[in-house]
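Participant: The listed protein sequences derive, respectively, from chains U and W. First residue of the first sequence? That's 1 in my numbering, and the numbers climb one at a time after it. First residue of the second sequence? That's 1001 in my numbering, and the numbers climb one at a time after it. Ideal placement from N, C-alpha and C gives every residue a C-beta, glycine not left out. Since the model is a prediction, treat every value here as computed from it, not as a measurement. Sharing a structure here in structure tokens format.
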Amino acid sequence: KAGVTQTPRYLIKTRGQQVTLSCSPISGHRSVSWYQQTPGQGLQFLFEYFSETQRNKGNFPGRFSGRQFSNSRSEMNVSTLELGDSALYLCASSWGDRGLWEPQHFGDGTRLSIL
Amino acid sequence: SQQGEEDPQALSIQEGENATMNCSYKTSINNLQWYRQNSGRGLVHLILIRSNEREKHSGRLRVTLDTSKKSSSLLITASRAADTASYFCATDASGNTGKLIFGQGTTLQVKP
């Protein structure tokens, strides 16, 4: 069974630009969550989508947004990029109907660097 | 904000030794999970312990949970060089699905 796939793996952008990251969950998983990982703040929850609806949201500014498609694939968009947005963005999928009694399956992330 | 705090931040041991990592959290939980992250890779789920469980084993891993102290520990026995990674505890936020709150992690180095 294929794992969680994130594309691209690496991305370099400049301040003020926008970026879209993609995540394909494990087949059959309907929940997709996004996390930002930085050396200073660690792993922080961005948002979760389940069946095309945002079900949970973290404490990030409105520049961070996402969506989920009918095939459960998800995209995350960051507009007006800032230097502080440089991070590893991780996507995780799960069945989504068992709460947090089930493990999250993570992709290898997209490393975003802002110049 | 981080729910968990892990101790120690870094740990260096020789192959064959045991490694113990501790995690403390602030609010009541439904369950606590441990994840491993190899450098530059995503997180891999290791073990989940429910709030009504005190101890759980999986291969060379042993996890304990003390809800009265709001703490958990992960023991890796007979460590191997391949165990070199960062280890994170994660808790659910009052049952919110898909939203894990992670500790800062313990970086483990196992020297061959």
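With a threshold of 7 angstroms between beta carbons, is W:H1045 in contact with chain U?
Facilitator: Along the second sequence, read from residue 1 onward, the residue named residue 1045 of chain W stands at position 45. Yes, W:H1045 lies at the interface with chain U (some Cβ there is under 7 angstroms from its Cβ).
Participant: Is there a Cβ of chain U sitting closer than 7 angstroms to that of W:G1042, yes or no?
Facilitator: By one-based count along the second sequence, residue 1042 of chain W stands at place 42. Closer than 7 angstroms: yes.
Participant: Following the continuous beta strand (DSSP E) through W:T1037, name the residue where it begins and the one where it ends.
Facilitator: The residue you call residue 1037 of chain W lines up with position 37 of the second sequence. The sequence shown places Gln at residue 1037 of chain W, rather than the Thr named in the question. Per DSSP, the unbroken beta strand (DSSP E) holding W:Q1037 starts and ends at 1031 to 1037.
Participant: Whole angstroms is fine: what's the gap from W:R1054's alpha carbon to W:E1006's?
Facilitator: Against the second sequence, residue 1054 of chain W aligns to sequence position 54. Against the second sequence, residue 1006 of chain W aligns to sequence position 6. Take the alpha-carbon of W:R1054 and the one of W:E1006: they are about 19 angstroms apart.
Participant: Considering only residues of the stretch 6 to 38 of chain U, which uninterrupted alpha helix (DSSP H) runs meet the minimum length of 4 residues and lie entirely inside it, listed in chain order?
Facilitator: none
Participant: Using the three-state DSSP reduction, which class does U:G109 fall into: helix, strand or coil?
Facilitator: One-based indexing of the first sequence puts residue 109 of chain U at position 109. Note: U:G109 maps to coil in three-state DSSP.
Participant: Give a yes or no on whether 7 angstroms exceeds the smallest Cβ distance from W:K1070 to chain U.
Facilitator: As a first step, residue 1070 of chain W is located in the second sequence; it is residue number 70 there, counting from the start. By this cut-off, W:K1070 is not an interface position.
Participant: Mind checking which residues open and close the beta strand (DSSP E) that includes W:V1110?
Facilitator: As a working mapping, residue 1110 of chain W is identified with position 110 in the second sequence. DSSP places W:V1110 in the uninterrupted beta strand (DSSP E) bounded by 1106 to 1111.
Participant: Should W:F1102 be labelled buried (16 or more other beta-carbon atoms within 10 Å of its own) or exposed?
Facilitator: Within the second sequence, numbered from 1, the residue matching residue 1102 of chain W stands at position 102. It is buried - the Cβ of W:F1102 has at least 16 other Cβ atoms within 10 Å.
Participant: Starting from U:V4, trace the beta strand (DSSP E) both ways and give me its first and last residue.
Facilitator: Here residue 4 of chain U refers to the residue found at position 4 when the first sequence is read from its first residue. First-last for U:V4: undefined, no H or E at that position.
Participant: Check the DSSP bridge columns for U:Y49 and list the partner residues they point to.
Facilitator: If you number the first sequence from 1, residue 49 of chain U lands on position 49. Answer by DSSP bridge pairing, in chain order: U:V32, U:Q54.
Participant: Chain U partners of W:G1016, CB-CB under 7 angstroms?
Facilitator: On the second sequence, residue 1016 of chain W is found 16 positions in, with the first residue counted as 1. Correct list: empty, because the minimum Cβ distance to chain U is about 29 angstroms.
Participant: Are three or more beta carbon pairs between the stretch 62 to 71 of chain U and the stretch 1 to 12 of chain U nearer than 8 angstroms?
Facilitator: no
Participant: What does DSSP give as the partner residue(s) for U:T80 in the beta ladder?
Facilitator: Along the first sequence, read from residue 1 onward, the residue named residue 80 of chain U stands at position 80. In DSSP, U:T80 forms no bridge with anything.
Participant: Under 7 angstroms between C-beta atoms, does W:K1099 make it to chain U?
Facilitator: Here the question's residue 1099 of chain W lines up with position 99 in the second sequence. Yes, contact with chain U.
Participant: Closer than 7 angstroms, CB to CB, is W:Q1104 near chain U or not?
Facilitator: Translated into the one-based positions of the second sequence, residue 1104 of chain W becomes position 104. Judged by the 7 angstroms Cβ criterion, W:Q1104 is in contact with chain U.
Participant: So is U:H29 buried or exposed if we call it buried at 16+ other beta carbons inside 10 Å?
Facilitator: Residue mapping note: residue 29 of chain U aligns to position 29 of the first sequence, counting from 1. Its Cβ being crowded by 16 or more others within 10 Å, U:H29 is buried.
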